[in-house]
Amino acid sequence: MKQKRLLSLCLALLPLLTWAQNADFTTSQKVIGWLRSAQADSLGTIMTSELRQQLPPAQLAHLWKQLEASAGPFREAGNWSESEAQGHRLQECTLTFERAALKMSVTLTADKKMAGLFFAPVESTHHAPTASAAPDTVARGRYTEREVIVKSGELELPGTICLPKVTQGPLPFVVFVHGSGPNDRNETLGPNSPFRDLAHALAANGIASLRYDKRTLVYRNRIAEVKGADNYDTEVTEDAVAALCCAAAQPEADTTSIYVLGHSLGGALAPRIAALCPFRPGGLIAWSAPARPLPEILREQLRHLSSLQGRSEASADSAAAMLLSALPESYLAMARQYEPVRQARFLPIPQLYLAGGHDYQVTKADFDLWQKGLQRSTRGEAGRGPGNFRQGGRSGERTGHRSPRRDMDGTAGGFIVRPTWLPAPTRGEGMPRRPEGIAAGRLPEGRLQPAAPQFLWIEDADHLLRHLPQLATPTDYNTYLPMAQEAIQAIVNFILQPAEP
Numbered sequence: 001m002k003q004k005r006l007l008s009l010c011l012a013l014l015p016l017l018t019w020a021q022n023a024d025f026t027t028s029q030k031v032i033g034w035l036r037s038a039q040a041d042s043l044g045t046i047m048t049s050e051l052r053q054q055l056p057p058a059q060l061a062h063l064w065k066q067l068e069a070s071a072g073p074f075r076e077a078g079n080w081s082e083s084e085a086q087g088h089r090l091q092e093c094t095l096t097f098e099r100a101a102l103k104m105s106v107t108l109t110a111d112k113k114m115a116g117l118f119f120a121p122v123e124s125t126h127h128a129p130t131a132s133a134a135p136d137t138v139a140r141g142r143y144t145e146r147e148v149i150v151k152s153g154e155l156e157l158p159g160t161i162c163l164p165k166v167t168q169g170p171l172p173f174v175v176f177v178h179g180s181g182p183n184d185r186n187e188t189l190g191p192n193s194p195f196r197d198l199a200h201a202l203a204a205n206g207i208a209s210l211r212y213d214k215r216t217l218v219y220r221n222r223i224a225e226v227k228g229a230d231n232y233d234t235e236v237t238e239d240a241v242a243a244l245c246c247a248a249a250q251p252e253a254d255t256t257s258i259y260v261l262g263h264s265l266g267g268a269l270a271p272r273i274a275a276l277c278p279f280r281p282g283g284l285i286a287w288s289a290p291a292r293p294l295p296e297i298l299r300e301q302l303r304h305l306s307s308l309q310g311r312s313e314a315s316a317d318s319a320a321a322m323l324l325s326a327l328p329e330s331y332l333a334m335a336r337q338y339e340p341v342r343q344a345r346f347l348p349i350p351q352l353y354l355a356g357g358h359d360y361q362v363t364k365a366d367f368d369l370w371q372k373g374l375q376r377s378t379r380g381e382a383g384r385g386p387g388n389f390r391q392g393g394r395s396g397e398r399t400g401h402r403s404p405r406r407d408m409d410g411t412a413g414g415f416i417v418r419p420t421w422l423p424a425p426t427r428g429e430g431m432p433r434r435p436e437g438i439a440a441g442r443l444p445e446g447r448l449q450p451a452a453p454q455f456l457w458i459e460d461a462d463h464l465l466r467h468l469p470q471l472a473t474p475t476d477y478n479t480y481l482p483m484a485q486e487a488i489q490a491i492v493n494f495i496l497q498p499a500e501p
């Protein structure tokens with residue numbers, strides 16, 4: 001199951017197109033035959049020049065063996081379907097292997113040249129209850145929910161407001177931000193719904209929340225039109241900022257206590273989301289958040305899986321290169337250059353970082369980078385605390401200041417944002433708006449002293465912070481597993497008992 005989720009990490013972001021009729025599937029059927037027989041030269045004859053540069057035929061010669069090593073021996077190919085838009089055709093069918101099913105997508109030009117080849121997981125329901133049948137074990141009867149629409153520019157994302165059953169006065173709000181892929185508001189995986197479970201647990205402790213469907217899910221058939229996977233901002237950040245504004249506009253909200261909680265990619269982007277919010281968030285919570293660039297983490301993940309399957313590191317590196325080559329260059333540029341730890345050091349707000357020892361996707365190496373980088377910044381050892389103020393020098397002394405333009409150019413500044421927070425509105429008021437487009441701001445003058453960041457490592461938890469037995473292989477999420485209580489309690493305490501600066 002985790003192998004399938006790993007494939008979706010990169011591939012599920014890619015555009016889908018709209019339906020068409022009267023399709024000819026001859027070319028796509030040949031692609032399957034040539035892949036199975038490792039006929040790289042034949043594949044090269046039907047690939048566009050752009051695809052040959054991104055995905056050399058020599059790499060495709062080993063692709064089928066890699067698929068069977070992960071998913072088991074091939075069984076059969078299902079019926080083909082076709083979509084069409086902007087002069088290209090997307091032909092898809094389900095490939096059934098012994099241990100998994102994969103959707104194969106072949107993008108063809110008008111002259112039947114292959115312009116794209118992608119594989120994405122097909123979730124199996126044979127051994128697990130559906131997500132709607134997952135037990136509500138956390139806070140039955142102690143919460144209420146209502147539907148809401150998060151408006152992000154011209155996009156409308158369906159969401160759910162979860163409130164304590166009994167409310168007294170303004171409530172702190174948590175906004176959930178997903179990981180990679182077209183996730184729904186609950187971040188559903190098999191029978192598991194971790195965002196839903198955590199929202200209910202927070203409500204039982206007097207904390208409201210907002211969770212919403214990701215744009216790559218809601219607009220998956222129009223994703224090329226709405227810029228759903230151009231970079232981290234179009235995939236995640238813009239909508240998360242809109243969700244923070246939506247939460248603050250709720251009549252029950254304490255607008256001084258709006259928190260962003262990001263999981264996986266959402267955790268890595270939580271500092272950027274907080275910096276780009278028009279008002280000062282109450283704090284950020286990063287849950288299994290990578291601290292390193294996507295290419296490095298993906299290569300490490302595939303090497304781990306290869307070691308379990310008795311394959312070489314070279315084959316894992318080849319697979320990683322192939323997966324990365326399928327992503328837009330604008331996405332890869334931001335994935336390589338965004339520095340989440342450095343961005344977090346610019347934020348004078350409370351921060352909580354959680355991770356687990358049974359996670360092979362985001363490991364102790366990432367957790368240690370967060371801990372080392374942020375604890376160092378609050379002690380002033382790096383000479384550059386949040387906001388580029390020297391903590392150990394004279395009061396208010398600035399060092400190494402970069403202009404906002406330089407920090408935002410994507411090369412010199414690594415996509416680092418300096419926040420310009422406007423006063424939070426009173427309850428029910430409209431939210432302040434920035435000018436169109438994301439722009440960096442300037443920090444206020446003076447020395448900033450954030451609260452010390454908090455960290456929680458749970459040795460026997462996995463990527464979704466669920467308790468697990470000691471396992472030698474990646475977790476199978478087809479089994480429903482409850483939330484780790486230490487994680488829930490740490491988040492509740494972080495919000496209700498904030499640390500003093």
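As numbered in the numbering used here, the sequence shown has no gaps in its residue numbers, which increase by one up to the final residue, 501. The beta carbon of each residue, even a glycine, is placed where N, CA and C say it ideally should be.
Excluding residues up to 5 positions away in sequence, G141, R142, Y143, T144 and A203 lie with their Cβ nearer than 8 Å to the Cβ of K165 in the same chain. Bridge partners of H263 according to DSSP: W287.
Annotation for D460: G357, H358, H467 and L468 place their beta carbon closer than 7 Å to its own, counting only its chain and skipping 5 residues before and after. Counting only the Cα atoms, L35 lies some 44 Å from T160.
In the DSSP assignment, T167 falls outside any alpha helix (DSSP H), carrying neither H nor E. Here the segment 57-72 makes contact with the segment 307-321; the two share three or more CB pairs at distances below 8 Å. Contact check for G179 and H263: beta-carbon distance about 5 Å, within the 8 Å limit, so the pair qualifies. Under DSSP, R466 takes part in a beta bridge, and its partners are M483. R89: member of the beta strand (DSSP E) spanning H88 to F97, first to last residue. Burial is judged here by how many other beta carbons sit within 10 angstroms of a residue's own beta carbon; A247 has at least 16 and is buried.
Distance check between V150 and each of C245, L108, T167 and V106 places C245 closest, using alpha-carbon atoms only. Runs of beta strand (DSSP E) with 3 or more residues, each lying fully within the segment 143-217, are found at 143-152, 155-164, 171-177 and 208-212, listed in chain order. Going by beta carbons, S325 and L55 fall inside the 8 Å limit. With 16 or more other Cβ atoms from the protein chains shown falling within 10 Å of its own Cβ, L276 counts as buried. Spatial neighbours of L43 in its own chain (CB-CB distance under 8 Å, excluding positions within 5 residues in sequence) are listed in chain order as V31, W34, L35, P57, L60 and M114.
Sorting S105, L354 and R146 by C-alpha distance to the C-alpha of S288 places L354 at the top.
The beta-bridge partner set that DSSP reports for I297 is empty. Exclusion of the five residues before and after W80 leaves A23, F25, S28, Q29, Q91, E92 and C93 as the residues of its chain whose Cβ lies within less than 8 Å of its Cβ.
The distance from the Cβ of A77 to that of K103 is about 11 Å, inconsistent with a contact at the 8 Å cut-off. Taking P271 as the centre and dropping the five residues before and after it, the same chain places the C-beta of L284, P340, Q343, A344 and L347 closer than 7 Å to its C-beta, in chain order. When only Cα atoms are considered, L294 and Q168 end up about 43 Å apart. Residues Y353 and Q371 of the same chain have their beta carbon placed closer than 6 Å to that of F455, with the five preceding and five following residues left out of the count.
In this model, L63 and E300 are separated by some 19 Å (Cα to Cα). Around the beta carbon of L189, a 10 Å sphere encloses 16 or more other beta carbons of the protein chains shown; the residue is thus reported as buried. In this structure, DSSP gives D239 a helical state, which the three-state scheme calls helix.
CA-CA distance, A316 to Y480, rounds to 30 Å. Bounds of the alpha helix (DSSP H) holding E329 are E329 to Q337.
Counting the other CB atoms within 10 Å of its CB gives R215 a total of 16 or more, which places it among the buried residues. For I349, no pairing in a beta bridge is given by DSSP. For W421, there is no enclosing alpha helix (DSSP H), since its DSSP letter is neither H nor E. Taken through DSSP and simplified to helix, strand or coil, L55 comes out as coil. In the displayed model, T107 falls within a strand according to three-state DSSP.
Less than 8 Å separates the beta-carbon of G267 from that of A286. In the structure shown, T256 falls within a strand segment according to DSSP collapsed to helix, strand and coil. In the three-state scheme derived from DSSP, where H, G and I count as helix and E and B as strand, E50 is classed as helix. Around the beta-carbon of L210, 16 or more other beta-carbon atoms lie within 10 Å, marking it buried.
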